Each structure stands twice: as structure tokens, then as C-alpha cells.
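Numbering-wise, my numbering comes out as the position in the sequence shown, counting from 1, plus 10.
Every residue gets a Cβ at the ideal spot worked out from N, C-alpha and C, and that includes glycine.
In this text the structure is predicted, and so the values were computed from the model without any measurement.
To start, the structure under review is shown below, and the notes come after it.
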Amino acid sequence: MLEAGQKAPSFKARIQDGTEVSLESILSDGNGLVLFFYPKDSTPGCTKEACDFRDAYEVFRSKGYRVMGVSKDSAKSHVRFSENNQLQFDLIVDEDLKVQEAYGVWKEKTNYGKT
């Protein structure tokens, strides 16, 4: 996991509509970025987290930040999740886990030592 003050790793990925984005392209307008990572679309905890960011979206935006969520779900799943919860921010498709691994947030779920 990144330490406070550590430079964010560069990445390239697609968002739910198929557009390719990179950290550099997102930050090119001079604004900041709030990335939040979550395990799976449409699960109770992840839905609550995304909706909390939805509800705080205008606060982030007014301070010059863009909000984006990241999970390993498909673009189709992200579109459904976004529409069902009226999310006004993009969701990054990270099916190969490259973004999550770069940020040190991916860990295989285990249950009593089994994956």
C-alpha cells in the first residue's frame, strides 16, 4: 500500500464506457484525483462505499478533485452498477488487477487459509 506522500503509480486502463484513461491524462487538467478501490460491484459494503463517494461528490469536485472507483469487474458490470446507484463518476475496469497491484491494494481473499 502507498505511504502518505508517496507518488501515485502511473497506470493505463479503460473506464466503463470503453474510453482509455491514464493517470497522466486524468491529471492533465491540473486538478487532483481521489481513487477508491473496492472488491466487487453490487455487494452491500461496496455499494455503500460507492454511494458515500456519490453523496460527497460535489464536495470533492468543488475542491478541484475528480473521483473514480476501481474494481476488477467488467465494463458491463460497472455500467449496471453506476446506473443502479446514480454514480456521477467513472469506474475503472481493472480485470487484470494491474492498477490494484500497482497501488498495493489487491490481496487474494482467504477463508481459513484457503483461497
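When 23, 15, 42, 22 are compared, the shortest CA-CA separation from residue 77 is found for 42. In this structure, DSSP gives residue 65 a helical state, which the three-state scheme calls helix. Cβ-Cβ distances below 6 angstroms link residue 20 to 33 in the same chain, with the five nearest sequence neighbours on each side left out; the list follows chain order. A distance below 7 angstroms separates the beta carbons of residue 45 and residue 80. Each residue's CA atom was taken as its position, placing residue 99 and residue 18 some 20 angstroms apart. Taking C-alpha positions only, residue 116 is separated from residue 85 by approximately 19 angstroms.
At a Cβ-Cβ threshold of 7 angstroms, residue 24 and residue 103 count as neighbours.
An exposed status is given to residue 73, since fewer than 16 other beta-carbon atoms sit within 10 Å of its beta-carbon.
Assigned with DSSP and collapsed to three states, residue 103 falls in strand.
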